[in-house]
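Below: one structure, written as structure tokens.
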Amino acid sequence: MSTPGVEYINGRKTFIPLENNPEIFTPLCQSLAISPTLTFHDVLSTTDPDLLALIPRPINALILCVEPPIYKAARESITPTIPTYTSHGPTEPIFWARQTIGNACGLMALLHCVLNLPTKDNQRPGGYIAPESNLDTFLNRAVDLPPAERAQLLYDSQFLEDAHMAAAQRGVSHIPPAEEYTAHFVGFVRTGDGHVWELNGGLNGPFLRGVLPRDGGDLLSEEGLRLTVGDFVDTAREVKGGMSVVAIAEE
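UniProt numbering numbers the first residue of the sequence shown as 1 and each following residue consecutively.
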């Protein structure tokens, strides 16, 4: 049974979009049994040291929301080069799922970050999820599924639908008609081996941006920004449009 507010547009399940807002992600994580030690922080500047100093460090995950003109200019030449992802199972380099639900890109970015984010103590991805929770059960099932079946599992997930829609209703900005929403959410995460990944369920697969050693700073360092949102920030100086960045920290 569909959650109130969910639409089917041309046969495709479509959500109310999320805002890229710590006040949205925090209760969403709570409803998904994600550890409250993860905290969300607006990145008000990528260059002002005083504003960056307000954010707890280190930062190993970022969520970007960007309007189409900036996204297209920054990724138009790169997107066709990303190979179709076929990996699955415990040895896959990163957990990635294709997005088949309309306007679920905010949820996808959050999941891609949290499910791959290594814990401080043992560097284990998925360690911020409560054992035996719905999300833990989902992850344990999804890991072994090939990409198409993994995407279907996510599409059919009632608990994710309920959690997303409850969070979307908390938003304070104007909600556009579902068919008119076009902003892109992208997750960035540094895994325990230092690899920095760009994770977007609307592409062919995950995009390895490079390696940032643990002693080389975090994702808000100069090199970390270069490997994540830096090219979007640069593009935004030349192309009309808006963007926002939220950092994920551990208390």
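Quick reminder that beta carbons are idealized off the backbone N, C-alpha and C, glycines included.
Given the structure is predicted, the values throughout are model-derived calculations rather than measurements.
Distance between beta carbons of residue j and residue i, contact taken as under 8 Å
i	j	result
His41	Ile63	Incorrect: roughly 11 Å between the Cβ atoms, too far for contact.
Pro118	Gly187	Pro118 to Gly187, Cβ: 14 Å. No contact.
Leu107	Leu160	7 Å
Pro22	His184	With a Cβ gap of about 19 Å, Pro22 and His184 do not count as contacting.
Phe15	Asn103	5 Å
Val196	Gly210	6 Å
Leu28	Ala247	Not a contact, Cβ separation roughly 16 Å.
Arg170	Ile34	Actually they do not touch by this definition, with Cβ atoms about 16 Å apart.
Leu52	Glu250	So it is not a contact: roughly 17 Å between Cβ atoms.
Ala130	Leu18	Their Cβ separation, rounded to whole angstroms, is 21 Å, which puts Ala130 and Leu18 out of contact at 8 Å.
Candidates the options, of which the one nearest residue i by Cα
i	options	result
Ala151	Pro4, Lys13, Ser2 and Val6	Lys13
Gln99	Pro4, Leu220 and Leu110	Leu110
Val143	Trp96, Cys113 and Ala74	Trp96
Asn200	Cys29, Val66 and Ile16	Val66
Thr228	Asp136, Ile59, Arg170 and Ala33	Ile59
Asp231	Leu28, Ile16, Pro4 and Tyr71	Tyr71
Asn10	Ile101, Ala236 and Leu225	Ile101
Leu32	Thr46, Leu139 and Trp197	Leu139
Thr84	His164, Tyr8, Arg226 and Asn204	Asn204
Ser244	Asn20, Leu208, Phe207 and Phe25	Asn20
Ala74	Ala249, Val239 and Ala53	Val239
Thr46	Thr182, Ile94 and Glu223	Glu223
Phe207	Arg190, Ser221, Arg214 and Leu220	Arg190
Thr79	Glu250, Tyr8 and Gly202	Gly202
Ser87	Tyr128, Thr137, Ile34 and Glu149	Glu149
Asp48	Ser221, Glu251, Arg237 and Gly241	Ser221
Gly5	Thr182, Leu225 and Met165	Met165
residue 301	Cys105, Arg124 and Ala61	Given that the chain is displayed from residue 1 to residue 251, the structure contains no residue 301 and the question cannot be resolved.
residue 252	Tyr128, Gly127, Thr137 and Asp156	Residue 252 lies beyond the range of the chain shown here (1 to 251); nothing can be said about it.
Pro93	Tyr8, Leu18, Gly194 and Ala61	Gly194
Thr182	Gly242, Leu225 and His112	Gly242
Val233	Pro36, Tyr8 and Leu44	Leu44
Identity of the residues DSSP links to residue i by a beta bridge
i	result
Arg12	Ile9
Trp197	Val189 and Leu208
residue 262	The first residue shown for the chain is 1 and the last is 251, placing residue 262 beyond what the model contains.
Pro125	Pro118
Cys65	Phe185 and Ser244
Ile34	Ile129
Endpoints, the alpha helix (DSSP H) within which residue i is located
i	result
Phe138	Asn134 to Ala142
Ser244	Note, Ser244: premise wrong, no alpha helix (DSSP H); beta strand (DSSP E) at Met243 to Glu250.
Ala104	It is not in any alpha helix (DSSP H) - Ala104 carries neither H nor E in the DSSP assignment.
Gln152	Pro147 to Tyr155
Val233	Gly230 to Ala236
Thr26	Pro22 to Ser31
Glu161	Gln158 to Ala168
Asp48	First-last for Asp48: undefined, no H or E at that position.
Gly224	Glu222 to Arg226
Host beta strand (DSSP E) of residue i (start-end)
i	result
Ile70	No beta strand (DSSP E) holds Ile70; the alpha helix (DSSP H) holding it covers Pro68 to Arg75.
Phe40	Leu38 to Asp42
Residue-level contact to chain C via CB, residue i, 7 Å cutoff
i	result
Gly194	Looking at the structure shown, chain C is missing, and only one protein chain is on hand.
Any non-hydrogen atom of the ligand ZN closer than 6 Å to residue i Cβ
i	result
Phe25	The ligand ZN is absent from the structure shown, which contains no ligand whatsoever.
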